[in-house]
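Keeping their order, the protein sequence lines are chains A and B.
Heads up: the first sequence begins at 1 in this note's numbering, then just goes up one per residue.
Heads up: the second sequence begins at 1 in this note's numbering, then just goes up one per residue.
Every residue, glycine too, gets a C-beta built ideally from N, C-alpha and C.
If you're wondering where the values come from, they're calculated on a predicted model, not measured in any experiment.
Data first, discussion second: the structure below is written as structure tokens.
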Amino acid sequence: MGKKKEIDTRFAKFGTVSFTATTRVNDFVSHLDDGRITGTRCVDCGTRFFPPRNDCFKCLSSHVEWFDVTGTGRLVTYSRLKYAPVGFENDLPYCIALADYGDFKVFGRLADGLKDDDIEIGMAVKTRANHLPNGQLNYVFEKADTA
Amino acid sequence: MGKVAIIGVGQSAFVRQYPGSIRELAFEGFKAAMLDAELATEQIDASVICSAPEYDKQRSPAGVFAEYLGLNPQPTFYVESLCSSSSMGVRLAYSLVESGLHDTVAVIGFQKMSEITSSESQERMGRGADIQWESPFGTMMPAYYAMFAQAHMATYGTTLEDLALIRVKASTYGQINALAVYRKAVTEEMLADPESFMAGPVASPLRVGDCCANADGSSCVIVTNEKKAKAWCKKPVWILGLGAATASVNLAGREMLTGLSAARRAADQAYAMAGVGPADIDVAEVHDCFTIAEMMAYENLGFAAPGQGPELIRSRATYKEGQIPVNVDGGLLSKGHPIGATGGSQIRTIVLQLRGEAGDMQVNDPAIGLVHNIGGVGLYGNVTILGR
């Protein structure tokens, strides 16, 4: 009897509930665990991707390297949910949001502490890795200090 | 190449909970279209079945329906593009007929959403978006469209009152559409009153009243070639233009958050194919799964310039008597939105309008009509232009 090959299911840790366990970019989750938000860059043509991809649709290369999402983005839009899909009820209320970093955009959540009055479309945000109470990992946008 | 016509349309009543199985539901829309076209089942050369399959226990419903509808041994196709499945089905039927492969094709859309709970439904609907990178944040359809609403409001000064006006218009016509699921009046006051159910927050800035009603339903559109249309049908309605486009599933890949790029591209294609422009459209059905979706449709279809959508509804230009009547059957907001059946139902409304058979909902003598049908959060855009 051969030993069963272990399957890398790190992506199951992404988000309150993950719907994907295994992807070629599972390192994203390990980076998140280390406090880093990372995208991929095509080594052959230089295109940057967020969310990260294993494969470049521009030049069809699968030779990608990681880069860190640093600095500030701009809040494009958001919504505060009063109802949640199955599995997310305990997170309510929460805000999903989109931030624009120029070369790419990032879809995620706003940090829990932000109140409606603190949120303004166009405001500078930074993206922070976040440990959820249920042991899962995600990332959130915080208001950036622009002073 | 000859022209392609629609010679029969039908739909079931859209209801909260259909008391039967999916094949029986499909039969209702099919029967209505067959009676409308005055055809027998042997005159149908192929069927196209359209739905979002995650609601069904039945795998491969197309084969089951072909038997139940008396369409054996003709071939059947299954088409899925979320909420625009049956518009995509009509696009497939057009190409089947235009190629000469089949003369007459029945496009049957259906959805029985009531087999699962509302929160399960939201979870499944949300999975029509990016399950790897977005769903883990707890997304759902109203919240995605709410993000577009928030961006539209911030960019153009659109207000919650503007969105309420769209809901009020939908309810005006939902009340006179016997097949609509929601037939009550909705007023601006209801959407403004925090104590009212309609004003209850769902996903900011959208309220209960900004969201369409889930429904069970089926629809059917019968498509044929020019020769048979002229031989069989007194009032054929011609497919003048078809447009279809896609956009990034993840909102991170979208070029704009104040409109749907797939809708705009599909509209451009359909106008070019039909050789008409927005000003030529006499009546339209747009995909108002949320009030903001209708607002964006006004702009993406060119009925209004970007940011000018609110003016259109404030001036009542999209009412039945207005310059460009939109969703005078109650739209998804009041008529209801049984995912796979919706596009076929929208096409049915426009066909009836062009034939002058829309009853109380009839607009004044329309010659050209348009259907805008969206899948997912603008993941799929379909625009169909019809003429008499």
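Whole-angstrom distance between V276(B) and G73(A), CA atom to CA atom: If you number the first sequence from 1, residue 73(A) lands on position 73. If you number the second sequence from 1, residue 276(B) lands on position 276. Their Cα atoms are separated by approximately 41 Å.
Three-way DSSP call (helix, strand, coil) for I37(A) in this model: In the first sequence, the residue the question calls residue 37(A) occupies position 37. Note: I37(A) maps to coil in three-state DSSP.
Below-7 Å beta-carbon distance, T291(B) vs any chain A residue: Translated into positions along the second sequence, residue 291(B) becomes position 291. No, T291(B) does not count as interfacial toward chain A.
Terminal residues of the beta strand (DSSP E) in which P201(B) lies: Locating residue 201(B) in the second sequence gives position 201, where the first residue counts as 1. Here the beta strand (DSSP E) through P201(B) covers 201–203.
Minimum Cβ-Cβ distance from P201(B) to chain A less than 7 Å: Mapped onto the second sequence, residue 201(B) falls at position 201. With 7 Å as the cut-off, P201(B) counts as an interface residue toward chain A.
Residue nearest to I87(A) in terms of C-alpha spacing, selected from S121(B), F77(B), V107(B): What you label residue 87(A) is simply residue 87 of the first sequence in a count that begins at 1. Correcting the residue identity first, residue 87(A) is Gly in this sequence and not Ile. Answer by Cα proximity: S121(B).
Residue interval of the alpha helix (DSSP H) (run including T152(B)): Position 152 of the second sequence, counted from the start, is the residue given in the question as residue 152(B). Residue identity check: residue 152(B) is His in the sequence provided, not Thr. Unbroken alpha helix (DSSP H) run through H152(B): 141–156.
Closest by C-alpha distance to L81(A), when choosing among Y145(B), G100(B), G343(B), P75(B): The residue given as residue 81(A) occupies position 81 in the first sequence. Considering only alpha carbons, the answer is Y145(B).
Residue environment, N382(B), which counts as buried when at least 16 other CB atoms sit within 10 Å: The residue you call residue 382(B) lines up with position 382 of the second sequence. Looking at its Cβ environment, which holds 16 or more other Cβ atoms inside 10 Å, N382(B) is buried.
C-beta contact flag for T258(B) and L163(B) at 7 Å: Within the second sequence, residue 258(B) is the residue found at index 258, counting from 1. Within the second sequence, residue 163(B) is the residue found at index 163, counting from 1. No, Cβ-Cβ distance for T258(B) and L163(B) is not below 7 Å.
Interface flag, G15(A) vs chain B, CB-CB below 7 Å: Position 15 of the first sequence holds residue 15(A). By this cut-off, G15(A) is an interface position.
Chain A contact residues for N250(B), given Cβ-Cβ distances below 7 Å: As a first step, residue 250(B) must be located in the second sequence, where it is residue number 250. The contacting residues are P51, F107.
Through-space distance from K115(A) to A147(A), alpha-carbon basis: Start at 1 with the first residue of the first sequence, and residue 147(A) comes out as number 147. Start at 1 with the first residue of the first sequence, and residue 115(A) comes out as number 115. Only weak support exists for where A147(A) lies, its pLDDT of 48 falling under 50; the value from the coordinates is given anyway. Taking the straight line from one Cα to the other gives about 20 Å.
Proximity below 7 Å, CB of A99(A) to CB of E142(A): For the purposes of this step, residue 99(A) is taken as the residue at position 99 of the first sequence. For the purposes of this step, residue 142(A) is taken as the residue at position 142 of the first sequence. Against a cut-off of 7 Å, the Cβ pair of E142(A) and A99(A) comes out as no contact.
Beta carbon proximity, D117(A) to chain B, threshold 7 Å: Indexing the first sequence from 1 puts residue 117(A) at position 117. So no, D117(A) is outside the interface.
First through last residue of the alpha helix (DSSP H) which encompasses G343(B): If you number the second sequence from 1, residue 343(B) lands on position 343. Its alpha helix (DSSP H) spans residues 339–355.
Cβ-Cβ distance between A33(B) and C233(B) below 7 Å: The residue given as residue 33(B) occupies position 33 in the second sequence. The residue given as residue 233(B) occupies position 233 in the second sequence. For A33(B) and C233(B), no; Cβs fall outside 7 Å.
Where L69(B) falls, given that 16 or more other Cβ within 10 Å makes a residue buried: Within the second sequence, residue 69(B) is the residue found at index 69, counting from 1. Buried is the call here.
Neighbour flag for S60(B) against chain A, beta carbons, 7 Å: Within the second sequence, the letter at position 60 stands for residue 60(B). Answer no: the Cβ-Cβ gap between S60(B) and chain A never drops below 7 Å.
Beta-carbon contacts of D36(B) that lie in its chain and below 7 Å, excluding the five residues immediately before and after: Here the question's residue 36(B) lines up with position 36 in the second sequence. Closer than 7 Å at Cβ, skipping near neighbours: G8, V9, G10.
Any C-beta of chain A under 7 Å from that of I166(B): Locating residue 166(B) in the second sequence gives position 166, where the first residue counts as 1. Output row for I166(B): interface = no.
Residue burial classification, I6(B) (beta-carbon count within 10 angstroms, cutoff 16): Taking the first residue of the second sequence as position 1, residue 6(B) is located at position 6. The residue in question, I6(B), is buried, as its Cβ has 16 or more Cβ neighbours within 10 Å.
Other residues of its chain near F11(A): CB distance less than 7 Å, five sequence neighbours each side excluded: For the purposes of this step, residue 11(A) is identified with residue 11 of the first sequence, where counting begins at 1. Excluding sequence neighbours, F11(A) sits near S18, T20, A21, T22, T23, N26, V29.
Per DSSP, the bridge partner or partners of C220(B): Against the second sequence, residue 220(B) aligns to sequence position 220. Per DSSP, G10(B), I108(B).
DSSP-derived helix/strand/coil call for N250(B): Residue 250(B) sits at position 250 when you count from the first residue of the second sequence. N250(B) falls in the coil class under three-state DSSP.
Where T70(A) falls, given that 16 or more other Cβ within 10 Å makes a residue buried: Looking up residue 70(A) in the first sequence gives position 70. T70(A) is exposed by the Cβ-count criterion.
Through-space distance from D8(A) to E80(B), alpha-carbon basis: On the second sequence, residue 80(B) is found 80 positions in, with the first residue counted as 1. On the first sequence, residue 8(A) is found 8 positions in, with the first residue counted as 1. Whole-angstrom Cα-Cα distance: 32 Å.
Start and end residues, alpha helix (DSSP H) containing K169(B): Stepping through the second sequence from its first residue, residue 169(B) is reached at position 169. Unbroken alpha helix (DSSP H) run through K169(B): 160–174.
Bridge partners - K115(A), DSSP secondary structure assignment: Here the question's residue 115(A) lines up with position 115 in the first sequence. In the DSSP output, where bridge partners are listed per residue, K115(A) has none listed.
Delimiting residues of the alpha helix (DSSP H) encompassing T61(A): Position 61 of the first sequence holds residue 61(A). Looking at the sequence provided, one finds Ser at residue 61(A) rather than Thr. S61(A) -> no alpha helix (DSSP H), and no H or E assigned at all.
Any C-beta of chain B under 7 Å from that of V25(A): By one-based count along the first sequence, residue 25(A) stands at place 25. No, V25(A) does not count as interfacial toward chain B.
Range of the contiguous beta strand (DSSP E) that encloses Y78(B): Taking the first residue of the second sequence as 1, we reach residue 78(B) at position 78. First-last of the beta strand (DSSP E) with Y78(B): 76–79.
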